[in-house]
Structures are given as structure tokens and as C-alpha cells.
Amino acid sequence: MTHSPAHSAEPQTTEPPIESESATDPELESHATAPEQGRPVPLAGGDPADPELVVLLADDGTPIGTADKALVHDAATPLHLAFSCHVLDAAGRVLITRRALSKRTFAGVWTNAFCGHPAPGESGPSAVRRRAERELGMAISEPELVLPDFRYRARDALGVYENEICPVYVARAEGDPRPAADEVVEWAWVEPGALRTAVEATPFAFSPWIALQLAEWPAFPARA
64 MTHSPAHSAE
74 PQTTEPPIES
84 ESATDPELES
94 HATAPEQGRP
104 VPLAGGDPAD
114 PELVVLLADD
124 GTPIGTADKA
134 LVHDAATPLH
144 LAFSCHVLDA
154 AGRVLITRRA
164 LSKRTFAGVW
174 TNAFCGHPAP
184 GESGPSAVRR
194 RAERELGMAI
204 SEPELVLPDF
214 RYRARDALGV
224 YENEICPVYV
234 ARAEGDPRPA
244 ADEVVEWAWV
254 EPGALRTAVE
264 ATPFAFSPWI
274 ALQLAEWPAF
284 PARA
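Here it is in C-alpha cells:
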């Protein structure tokens, strides 16, 4: 199976980097080509006059200010607050998504369901539910915090850094996603064991944070 490089200039495959017996393998359900199969759809963004702010942090996690999300990621990205969320379906499969090629960092790689940044004064669970709707066009159950102290710093192939204190949540899906085109180019439901195997075998195809989270989370996935 061909795997996409971490920073492809254009899509090279419509399959996630998970081995399957056939296109109808019940353990793998990939969506990328037709609207009824999960093609991302445009969703309204925020008001351009009211930029999305991220919370800047001291090394001990104390908030020290805010910055425009659109400007904060570069070769010297300051430490800031974020979150990651893993989403399960009723069968216990895990949702993975392929990041849009227009993303500022780690474009085109496969990762967990979605990530985001709490707004100043916003609780983690509220931010998770908000971003589930914005990025995936789906409702989720109440998020469960599973890795409260997760943090990481990672450089992509273009020299742009992620630098986040990033609590990790898990939630149950309420229906299939209808992702925003500026966030997700493909998505798939996969078995947890298959995901772990793929991340270990082809780490270049995945975000660094999902690999680090799985390493810190032996019981993955906790049932939402």
C-alpha cells in the first residue's frame, strides 16, 4: 500500500495508511471521494475582524497572555494551550482524519479525530465540543479527559513548530462526520489495534502528537 509523505504538495492516495484485506474490509472504512462517502464540505468560519485567540503559557502552564492563532505558529512558536480529542463509534472503532493540505503545520498527515485551542476563559470540554462541530460537523458525547498532562514540541518538514500543553480527551461520536474542507481531506474509522500498528510501522504518515499520545496511553482507547 502506498503511503502519503508527511508534507505532500498534493494528495497522492485516497487510502489511510492502514492495511486492509479489501475495500470492503469491515475494520476499515475510508472516506474521501464522493459526498455520500464523507467528502469534506465548506463550513462558515469565524468573523475575520475577530481573530481566533490562543492562550499563551509559561513553562509551568500558567496563562501569560494571548496571541492570534493565525500568527502564532512559526519557527519559534511560543508555548500555548491546546487539546486533542479521540472519537469512537458505537463499535469501538477510532476516527482518524487526514489534515488539510492548507494547514499551517503538519499538512497532509493522518492524525486523531481533531485538535484545537480553548479560547481565553473557555473550558476544555466546551472547546472540544465546539471544535467537533466546526471541524467535523458532528456532535459528540461529553468529552472524557484521559491524558491531562500531555505536552509536546514538534517541528514539521517546513521548519514550523507546534509547542503545546495539550490535554487529551476521548468522546463518543453521534453520527458520521461531515468535515470542513479547510480542516480535513479524508477520514476513516479504524480498529484501535490497527491504528497502533500503523503508527508504529509508518510514523512519517502520522502526526507526531498521535504517536506520543499512544505511547503514553497503554489502555488506548478508553471507552467514552
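For what it's worth, the numbering used here labels the leading residue of the sequence shown as 64, then goes sequentially.
Note that beta-carbon positions come from the ideal geometry of N, C-alpha and C, so glycine has one too.
These numbers come from a predicted model, not from an experiment.
1) Comparing alpha-carbon positions, which option in Arg197, Leu158 and Pro271 lies nearest Arg218?
2) So Arg192 is in the alpha helix (DSSP H); what residue range does that whole segment cover?
3) Quick check on DSSP: helix, strand or coil for Phe267?
4) Compare the Cα-Cα distances from Ile127 to each of Glu249, Val117, Val172 and His136 and report the closest residue.
5) For the pair the segment 143-163 and the segment 171-182, tell me if three or more CB-CB distances fall below 8 Å.
6) Under the three-state reduction of DSSP, which class applies to Glu135: helix, strand or coil?
7) Considering only residues of the same chain and omitting the five flanking positions on each side of Trp280, which have a CB-CB separation below 7 Å?
8) Please say whether Ile273 and Ala234 have beta carbons closer to each other than 7 Å?
9) Evaluate Arg156 with the Cβ neighbour count: other Cβ atoms within 10 Å of its Cβ, from every protein chain shown; 16 or more gives buried, anything less gives exposed.
10) Looking only at DSSP bridge pairs, what is Cys178 linked to?
11) Is Trp272 helix, strand or coil when you go by DSSP?
12) Using 8 Å for Cβ pairs, my map puts Trp252 next to Pro242. What's the rounded Cβ distance?
13) Leaving out five residues on either side along the sequence, give the residues of the same chain with a beta carbon under 6 Å from the beta carbon of Leu142.
14) Ser243 lies in the beta strand (DSSP E); which residues open and close that run?
15) Going by beta-carbon coordinates alone, are Glu246 and Glu198 separated by less than 7 Å?
16) So what does DSSP say about Arg167, is it helix, strand or coil?
17) Going straight from the alpha carbon of Ala154 to that of Ala257, what length do you get?
18) Of the choices Val223, Glu196, Gln276 and Arg216, whose alpha-carbon is the least far from that of Ala133?
19) Could you tell me the distance, in whole angstroms, from the CA atom of Arg161 to the CA atom of Thr125?
20) Note down the Cα distance separating Phe283 from Leu277, rounded to an integer number of angstroms.
21) Report the CB separation of Ile158 from Ala236 in whole angstroms; it is logged as a contact under 8 Å.
22) Could you check where the beta strand (DSSP E) with Arg216 kicks off and where it finishes?
With the structure as the only source:
1) Measuring from the Cα of Arg218, the nearest candidate turns out to be Pro271.
2) Arg192 -> alpha helix (DSSP H) spans Gly187 to Arg194.
3) Here Phe267 carries a helix assignment [DSSP, helix/strand/coil].
4) Val117
5) yes
6) Checking the sequence shown, residue 135 turns out to be Val, not Glu. Residue state, collapsed to three classes: helix.
7) Val209 and Leu210
8) no
9) buried
10) Ser147
11) helix
12) The Cβ separation is near 13 Å, so there is no contact.
13) Correct list, in chain order: Leu120 and Asn226.
14) Checking the displayed sequence, the identity of residue 243 turns out to be Ala instead of Ser. Here Ala243 belongs to no beta strand (DSSP E), and DSSP marks it neither H nor E.
15) yes
16) coil
17) 14 Å
18) Val223
19) 32 Å
20) The C-alpha of Phe283 lies about 7 Å from the C-alpha of Leu277.
21) Reading the sequence as shown, one finds Leu at residue 158 and not Ile. That belief holds up - the Cβ atoms of Leu158 and Ala236 are roughly 7 Å apart, short of 8 Å.
22) Arg214 to Arg218
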